[in-house]
Amino acid sequence: MRAKRSPERTSGRKRALIIEPQTLFVPFLVQTLQADGLVVLGASAVPEPDALLRLRPDLVFIDADYLDSPPFECIRKLRRRLPEARLVVYAQRTDALWGVVARGLGADVVFGPSSGIEDLCAALQEQAAA
């Protein structure tokens, strides 16, 4: 799915972009983000630099496990392009060091296989309040 809305049409609500290569999970993520008051601009399997700069999302949800590029490289590039955005990264890593490195490169929140929906919702509510 490509981004549907322009940033100007969100009436001051926080905007989110989903980077999720597994299309099976996109409807769940869209519903969860919208339930927490975010406007979902769209979903993409890969980060598209032009779309990122044009849409200027307040939050980017990234599934780091199925990206075409190395996850750390993706996080670093997203942080450079979107310095004000909240980067929420999901990864099936159980190594705590992976999360530390991801946060050091710019991720604001890192979820793993032991995280639950309540963890995602807490991160989203922090964003909505910011």
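Per the working numbering, residue 65 is the first one in the sequence shown, and the count goes up by one each step.
Every residue gets a Cβ at the ideal spot worked out from N, C-alpha and C, and that includes glycine.
Given the structure is predicted, the values throughout are model-derived calculations rather than measurements.
Among residues of its own chain, excluding the 5 on either side of residue 136, which ones have a beta-carbon nearer than 8 Å to its beta-carbon?
Its chain contains 165, 166, 169 as the residues whose beta carbon lies nearer than 8 Å to that of residue 136, once the 5 sequence neighbours on both sides are disregarded; these appear in chain order.
First and last residue of the uninterrupted alpha helix (DSSP H) at residue 119:
Element bounds for residue 119: 113-119.
Quick check on the burial criterion: 16 or more other C-beta atoms within 10 angstroms. Buried or exposed for residue 139?
The C-beta of residue 139 has 16 or more other C-beta atoms within 10 Å across all chains shown, which makes the residue buried.
With burial defined as no fewer than 16 other Cβ atoms inside 10 Å of the residue's Cβ, what is the status of residue 180: buried or exposed?
That one is exposed.
Reference residue 111, options 142, 155, 149, closest by Cα
Considering only alpha carbons, the answer is 142.
Buried or exposed: residue 161, going by 16 or more other Cβ atoms within 10 Å of its Cβ?
Burial call: exposed.
Give the secondary structure of residue 164 by DSSP, where H, G and I count as helix, E and B as strand, and everything else as coil.
Correct three-state label for residue 164: helix.
Looking at the unbroken alpha helix (DSSP H) that takes in residue 99, where does it start and where does it end?
Membership of residue 99 in the alpha helix (DSSP H) is indicated by the continuous run 90-99.
Residue 151 in three-state terms, based on DSSP:
Of the three classes helix, strand and coil, the one that applies to residue 151 here is strand, per DSSP.
At the level of alpha carbons, what is the spacing between residue 115 and residue 92?
Rounded to the nearest angstrom, the two C-alpha atoms are 22 Å apart.
May I ask you to list the residues that DSSP assigns as paired with residue 187?
According to DSSP, residue 187 bridges with nothing at all.
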